[in-house]
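Engineer: Take this note's numbering: the last position of the sequence shown gets the number 224, and nothing is skipped along the way. Mind having a look at this structure? Questions to follow.
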Amino acid sequence: MSGMTGELGTLYIVATPIGNLEDITFRAVRILKEVDLILAEDTRVSGKLLKHYDIKKPLLSYHQHSSEKKRLDILSHLVNGKNLALISDAGTPGISDPGNELIDYLLTREPNIKIVPIPGASAVVTSLSISGFRANKFIFLGFLPKKKRKRLFEWLVLSKMTFAFYESPKRLVKTLNELSEAFGKRRVLVARELTKLHETLYRGEFVEVLAGLGDKNIKGEVVVVVEG
């Protein structure tokens, strides 16, 4: 699938499962089997997925701490006609990971590089789809700031829109208590370990969800959706 001499390569942005390995598209598997090189956030994590689908391609790590030299190497591959795929540990690259920075870096230096999206799983969209809340408009906040949240919450109250964010299990109860104070009796969905063996959903007003969580030792990936 390598580009011909003089042609630029293509960078495919490939969504991978957020948990269940079956949640990947036929197109994504085909692209991963055809590219010359796969850029992975964590090669050990991605290796499990690739092994499952018998994908035998060279892996190159790319993450938030990758060096300028690594980005230049990636650019060089594309300029020399190689086709690359970018995957994250889970979900769609470029959402709460450094994928968007890499794309910007590459296009700034070579605007004619082709960037092709291969859509698929996304934890925030998955959570919104099962929330039951109005989501024709919504706000995605990534990870909330650890401090100085009051102004953000005031703005969200005024927006009146459904919003979603990722949260650390260790900060979940503290965050829900803060949201309860700011938003009162709004309904909330807490989705933990989506598509995985221990997937758990907590629904209701903040006080009800907090009671449901109790003193449980929450672990794993968490998405919170607050009704508009």
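Think of the CB as a built atom: it goes at the ideal place given N, C-alpha and C, for glycine as much as any other residue. No experiment lies behind these values; they were computed from the predicted model shown.
Check each candidate in LEU206, LEU175 and LYS215 and name the one with the smallest Cα separation from ARG188.
Structural biologist: The residue you call residue 188 lines up with position 192 of the sequence shown. Closest option to ARG188, Cα to Cα, is LYS215.
Engineer: Does the segment 3 to 22 come into contact with the segment 111 to 125, if we say contact requires no fewer than three beta-carbon pairs (one atom in each stretch) closer than 8 Å?
Structural biologist: yes
Engineer: Here's the rule I'm using: 16 or more other beta-carbon atoms within 10 Å means buried, otherwise exposed. How should ARG130 be labelled?
Structural biologist: For the purposes of this step, residue 130 is identified with residue 134 of the sequence shown, where counting begins at 1. Label assigned to ARG130: exposed.
Engineer: Please tell me whether, using a cut-off of 7 Å, the distance from the CB of ASN213 to the nearest non-hydrogen atom of the ligand GDP is below it.
Structural biologist: With respect to small molecules bound, the structure shown includes none, and the ligand GDP cannot be examined in it.
Engineer: I'd like the list of long-range same chain contacts for PRO54, defined as Cβ closer than 8 Å, with 5 residues on each side in sequence excluded.
Structural biologist: Position 58 of the sequence shown, counted from the start, is the residue given in the question as residue 54. Result list for PRO54: ASP32, LEU33 and ILE34, in chain order.
Engineer: Ignore the nearest five residues each way along the sequence and tell me which others in PHE139's own chain have a CB closer than 6 Å to its CB.
Structural biologist: Position 143 of the sequence shown, counted from the first residue, corresponds to residue 139. Only TYR162 meet the Cβ criterion.
Engineer: According to the neighbour-count rule (16 or more other Cβ atoms, all chains shown, within 10 Å of its Cβ), is GLY180 buried or exposed?
Structural biologist: Translated into the one-based positions of the sequence shown, residue 180 becomes position 184. Result: exposed.
Engineer: Hey, out of LEU102, PHE159, PRO13 and LYS170, whose CA is closest to ARG183's CA?
Structural biologist: For the purposes of this step, residue 183 is identified with residue 187 of the sequence shown, where counting begins at 1. For the residues LEU102, PHE159, PRO13 and LYS170, the minimum Cα distance to ARG183 belongs to PHE159.
Engineer: If we ignore side chains and look at the alpha-carbon of each, how far apart do THR88 and ASP38 end up?
Structural biologist: Working through the sequence shown from its first residue, we reach residue 88 at position 92. Working through the sequence shown from its first residue, we reach residue 38 at position 42. In a straight line, the C-alpha of THR88 is about 14 Å away from that of ASP38.
Engineer: Just the C-alpha distance for ILE27 and ALA81, rounded to the nearest angstrom, thanks.
Structural biologist: Counting from 1 along the sequence shown, the entry for residue 27 is found at position 31. Counting from 1 along the sequence shown, the entry for residue 81 is found at position 85. About 8 Å.
Engineer: Any idea if LEU185 is buried or exposed, counting beta-carbon neighbours within 10 angstroms, 16 or more meaning buried?
Structural biologist: Residue numbering aside, residue 185 sits at position 189 when the sequence shown is read from its first letter. LEU185 should be labelled buried.
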